[in-house]
Amino acid sequence: MDPQAKTKLARQFIEAIPHSRELGMRLDEISDGFAVCSMGYDPRFIGDPDTGVIHGGAVSALMDTCAGAAVMSHPDAPVVTATIDLRIDYMRAATPGQDIICEATCYHVTRSVAFVRCVAFDADRDNPVASAAGAFTADRGSASRRSSEALS
Amino acid sequence: MKRPEPVQVIKERREAALAALVARVPYIQFLGVQFDRRGDELTAVLPFKDALIGNPALPAIHGGVTAAFLEITAIIELGWSSLWPEVETGRTAPGDITPASLPRLPKTIDFTVDYLRSGLPRDAYARARINRSGRRYASVHVEAWQDNRTRLYAQATGHFLMPARDG
Chain P
0 MDPQAKTKLA RQFIEAIPHS RELGMRLDEI SDGFAVCSMG YDPRFIGDPD
50 TGVIHGGAVS ALMDTCAGAA VMSHPDAPVV TATIDLRIDY MRAATPGQDI
100 ICEATCYHVT RSVAFVRCVA FDADRDNPVA SAAGAFTADR GSASRRSSEA
150 LS
Chain F
0 MKRPEPVQVI KERREAALAA LVARVPYIQF LGVQFDRRGD ELTAVLPFKD
50 ALIGNPALPA IHGGVTAAFL EITAIIELGW SSLWPEVETG RTAPGDITPA
100 SLPRLPKTID FTVDYLRSGL PRDAYARARI NRSGRRYASV HVEAWQDNRT
150 RLYAQATGHF LMPARDG
């Protein structure tokens with residue numbers, strides 16, 4: 000598949016994810032193993048009622064989606080992928096009221112695994128809110144076999 | 000010897016404390032996570048709904064939902080374990096437990112999720128185990144399953160910064 004068609008397919012897939020829509024996620028950029036996703040501040044996503052800071056889980060969902068998008072758009076990875084593991088480090092609380100932006104890079108793909116790094120920011124671009132590292136399935140077995148089934 | 004408290008009084012106080020702890024966090028309501036209690040043991044329940052789907056083709060629960068569900072389970076377990084001694088002394092009546100009287104929630108330092116199987120479009124359950132809880136840091140392991148308790152669909156380990164205590 001040519002890269003442009005692949006990116007288009009990955010975009011369609013990401014934009015159709017029900018939970019990502021529920022979180023109001025936007026896919027701002029996607030190409031060749033790199034993706035940018037963002038999410039607006041919403042009081043429904045608050046995790047710490049004392050400060051109004053967004054729950055880590057909402058940031059996890061953003062990073063997981065963005066990491067998946069990076070894998071899908073990588074020239075050597077299949078368009079279907081599933082998370083094997085994801086580790087998130089929370090460096091600081093996201094500032095209430097600001098968008099959260101995630102940048103994901105799929106930096107290596109083997110015959111069966113894709114490796115991804117992500118960073119999440121708010122308006123202060125010099126001080127990341129969180130960073131993540133994950134492994135995703137990149138199973139290109141028979142076309143009928145879905146990679147997430149490889150785990151079940 | 001002092002007569003033990005009636006069981007209904009104890010239950011009511013425990014339920015009020017747990018409900019207050021959970022009700023404070025908007026994101027828990029957003030996902031629809033509930034908590035079952037047996038004594039001090041908590042089981043988090045995530046009732047399935049279409050808004051939780053991450054892969055419409057399978058369909059499967061979003062990996063981010065699973066991560067969030069496990070993180071919520073860990074944080075509530077930590078909050079509950081620090082609230083428990085207070086609840087058990089019987090000093091607090093159910094009406095005394097207000098959002099302002101609850102301890103501040105721990106902050107996540109890091110969280111690692113291990114996806115073992117795809118999350119099926121049905122209810123999920125999770126339990127957290129506090130492996131170490133110091134004055135400042137805590138390490139928590141969480142297990143999540145759907146139909147069979149022994150077939151985990153995800154597990155996670157996280158480290159948390161505990162809120163500073165008064166005094």
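Sequences listed follow chains P and F, in order. Per numbering that gives the first Met the number 0, residue 0 is the first one in the first sequence, and the count goes up by one each step. Per numbering that gives the first Met the number 0, residue 0 is the first one in the second sequence, and the count goes up by one each step. We treat Cβ as the ideally placed atom computed from N, Cα and C, and that holds for glycine.
- For a Cβ distance threshold of 8 Å, nothing in chain F lies close to P/H73: the least Cβ distance comes to about 18 Å.
- Of all residues in the stretch 2-20 of chain P, only F12, A15, I16, P17, H18, S19, R20 come within less than 9 Å of chain F when Cβ atoms are compared, listed by chain position.
- Taking a Cβ-Cβ cut-off of 7 Å, the neighbours of P/I83 in chain F comprise Y114, given in sequence order.
- Annotated as distal: P/A119 and P/V35, with beta-carbon spacing of 8 Å or more.
- Comparing C-alpha distances from P/I53 to each of F/A127, F/T107, F/Q33 shows the shortest one belongs to F/T107.
- Annotated as proximal: F/F34 and F/V21, with beta-carbon spacing under 8 Å.
- P/M24 is a Cβ neighbour of P/L61, given a cutoff of 8 Å.
- P/M71 sits in a helix when the DSSP states are folded into three classes.
- At a beta-carbon threshold of 7 Å, the residues of chain F lying near P/I87 are D109, F110, ordered along the chain.
- Comparing alpha-carbon positions, the option among P/G67, P/A66, P/F12, P/R43 lying closest to F/P25 turns out to be P/R43.
- Using a Cβ-Cβ cut-off of 8 Å, F/L151 does not count as an interface residue toward chain P, since no Cβ of chain P sits closer than that to its own.
- For F/L160, the number of other beta carbons within 10 angstroms of its own is below 16, and it is reported as exposed.
- Along the stretch 62-85 of chain F, going in chain order, the ones with a CB nearer than 9 Å to a CB of chain P are G62, G63, V64, T65, A66, A67, F68, L69, E70, I71, I74.
- In terms of CA proximity to F/T42, F/V32 leads the group F/V32, F/L101, F/K48, F/E85.
- For F/V44, the enclosing beta strand (DSSP E) stretches over residues 40-45.
- Ranked by how close their Cα comes to the Cα of F/N147, the residues F/T72, F/Y124, F/A50, F/S100 have F/Y124 in first place.
- In the DSSP assignment, F/K106 falls within the beta strand (DSSP E) that extends over 106-114.
- In the three-state reduction of the DSSP assignment, F/H140 falls in the strand class, which pools E and B.
- Cβ proximity to chain F below 7 Å picks out nothing from the stretch 105-123 of chain P.
- Taking a beta-carbon distance threshold of 8 Å, F/V24 counts as an interface residue toward chain P.
- The beta carbon of P/D27 sits closer than 7 Å to the beta carbons of V35, C36, S37 from its chain, once the five residues preceding and following it are set aside; these are given in chain order.
- In the pairwise beta carbon analysis, the stretch 127-140 of chain P is classified as not touching the stretch 49-58 of chain F: fewer than three pairs are separated by under 8 Å.
- Out of P/D49, P/G67, P/G32, the CA that lies nearest to the CA of P/E14 is found in P/G67.
- By the CB criterion at 8 Å, P/T50 and P/S19 fall outside the cutoff.
- Within chain F, the C-beta atoms nearer than 7 Å to that of P/P42 come from P25, in chain order.
- In the DSSP assignment, F/R37 falls outside any alpha helix (DSSP H) and lies within the beta strand (DSSP E) extending over 33-37.
- Its chain contains T111, H140 as the residues whose beta carbon lies nearer than 6 Å to that of F/T156, once the 5 sequence neighbours on both sides are disregarded; these appear in chain order.
- G55, G56, A57, S59, A60, L61, M62, D63, T64, G67: these are the residues of the stretch 55-74 of chain P whose beta carbon lies less than 8 Å from some beta carbon of chain F, given in chain order.
- Nearest CB-CB separation between F/L104 and chain P: below the 8 Å threshold.
- Here F/A153 is not near F/L57, since their CB atoms are 8 Å or more apart.
- Leaving aside the five residues that flank P/A9 on each side, the residues in its chain whose CB is nearer than 7 Å to its CB run, in chain order, I29, A68, M71, S72, V78.
- Taken in chain order, the unbroken stretches of beta strand (DSSP E) that lie wholly in the stretch 4-74 of chain P and span 3 residues or more are 25-30, 33-38, 45-47.
- Within the same chain, and ignoring the five residues on either side of F/S117 in sequence, the residues whose Cβ sits closer than 7 Å to its Cβ are L57, A59.
- Rounded to whole angstroms, the gap between the alpha carbons of P/R116 and P/T104 is 5 Å.
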